[in-house]
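Shown next, in structure tokens, is the structure this report addresses.
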Amino acid sequence: MDTKWLRNSFVYLIILVAIIALFFTVVQQGGTPDVKPIALNDLAQRIKQGQIKSIEVTDDRVVAVASTPGGQDQRFTTRTGRDNFLDAMHNFGVTPEELASVQYTVKDPPQISNWLGILVNLLPLIFFGAILLFMMRQAQGSNNQALSFGKSRARMFMGNKPTITFQDVAGVEEAKQELQEVVEFLKYPEKFAALGARIPKGVLLVGPPGTGKTLLSRAVAGEAGVPFFSISGSEFVEMFVGVGASRVRDLFDQAKRNAPCIVFVDEIDAVGRQRG
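Just so we're aligned: the sequence shown equals residues 169 to 444 in our numbering.
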């Protein structure tokens, strides 16, 4: 699974949700211009004076429209619920007759507003959670990279689907003839073990670059149908003490788990030259 694509999609989703929430918040605030906050006792006083034309009550807000001497309407708002509003008006001395002279409307907020409010409240938590998740994944990746520092960097090619055989190697007939015996050892080890023969532990291919040493080794794996591990000798030479030896041990642990197989170490002279 492409985890990088999932991480990018998650980040884009968070950004999109934040933009949508900000848009709806701005639109909702922009839909009620020139709204002034008012205390409940001041609102009760204006109702007694007959200045309030209408009142709209929702679950958490009261919006009152008052008439002004200039003939323009002024909107006031206060945060209180529908039940608390009636009790507060009664406590401030507003009679039912005075309240009945005002156009009183109880309005249920739209469902999208409820979800939007929940989303706006949860948005900071989601944002910090996303940052924390990102930091944890980065730290996990760094730890994995640090733990794998001593692991072998060998590339494995499966031999059950051979792509290279001796027919792909031109020339070097003597070398192919010698390596054909190695193929027989790998394919039929029981036959040689019954005769008391000892299977060779390795083959040293010597020659200048470009003469087909790597191709020959892969051809042996393809002919025998066994896994093929390829690594450069320079991978075992590190400036940190113990890293090279750790990679050698890890390489041969992998080889034992996939036995029988072929381990090809290219440029092995890079290791011997360090001891020169």
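All C-beta atoms, glycine included, are put in the ideal place defined by N, C-alpha and C.
When you compare each of the options to residue i by their alpha carbons, which one comes out closest?
i      : options                        : result
Arg415 : Ile399, Leu300, Cys429         : Ile399
Val337 : Gly378, His258, Asn209, Asp210 : Gly378
Thr331 : Leu363, Ala389, Pro357, Phe260 : Ala389
Asn289 : Glu435, Ala186, Asn426         : Ala186
Asp227 : Asn252, Asp210, Gln217         : Asn252
Thr245 : Pro237, Leu208, Leu254, Gln217 : Leu208
Leu373 : Ser385, Pro428, Pro292         : Ser385
Leu211 : Pro237, Leu184, Val262         : Val262
Gly364 : Val371, Phe353, Gly370         : Phe353
Gln348 : Ala387, Leu383, Phe360         : Ala387
Lys355 : Leu301, Val394, Gly297, Lys369 : Val394
Gln271 : Gly218, Met303, Leu293         : Gly218
Who are the near neighbours of residue i in its chain, counting only those whose CB is closer than 6 Å to its CB and skipping five residues on each side?
i      : result
Lys344 : Phe334
Glu224 : Val231, Thr273, Lys275
Ile206 : Phe244, Thr246
Lys204 : Phe244
Thr236 : Gln242
Ser222 : Val233, Gln271
Using 8 Å as the threshold, is the C-beta distance between residue i and residue j below it?
i      : j      : result
Arg486 : Val231 : Shown here, the chain extends from 169 to 444; a query on residue 486 therefore has no answer.
Gly401 : Val340 : no
Ala392 : Val351 : yes
Ala413 : Phe397 : no
Ile182 : Phe295 : yes
For residue i, collect the residues of the same chain with a Cβ closer than 7 Å to its Cβ; drop the 5 residues on either side in sequence, then sort them by chain order.
i      : result
Gly375 : Lys381
Arg214 : Ile220, Ala234
Ala314 : Confidence at Ala314 is low in this model, with a pLDDT of 45, below 50, so the placement of that residue is unreliable and no value is reported for it.
Leu267 : Ile215, Met257
Phe360 : Phe353, Ile367
Val433 : Ile399, Gly401
Starting from residue i and walking both ways along the alpha helix (DSSP H), at which residues does that stretch end?
i      : result
Arg243 : Segment 241 to 246 is the beta strand (DSSP E) holding Arg243; no alpha helix (DSSP H) there.
Thr350 : It should be pointed out that residue 350 corresponds to Val in this sequence rather than to Thr. From DSSP, the alpha helix (DSSP H) with Val350 extends over 341 to 355.
Arg386 : 381 to 392
Mapping DSSP to helix, strand and coil, what is residue i?
i      : result
Val233 : strand
Gln219 : coil
Asp227 : coil
Thr273 : strand
Phe432 : strand
Ala413 : helix
Ala427 : coil
Pro376 : coil
Ala268 : helix
Ile332 : coil
Arg214 : helix
Lys369 : coil
Ala338 : coil
Leu363 : coil
Asn311 : Reliability of the predicted coordinates at Asn311 is poor, the pLDDT of 47 falling under 50, and no value is obtained from them.
Gly198 : Reliability of the predicted coordinates at Gly198 is poor, the pLDDT of 48 falling under 50, and the value obtained from them is presented with this limitation in mind. Three-state DSSP puts Gly198 in a helix.
Gly261 : coil
Could you give the first and the last residue of the continuous beta strand (DSSP E) run that contains residue i?
i      : result
Ser400 : 396 to 400
Val203 : 203 to 205
Leaving aside the five residues before and after residue i along the sequence, list all residues of the same chain whose C-beta is less than 8 Å from its C-beta, in chain order.
i      : result
Thr248 : Leu208, Asp228, Arg229, Val230, Ala256
Pro357 : Ile367, Pro428
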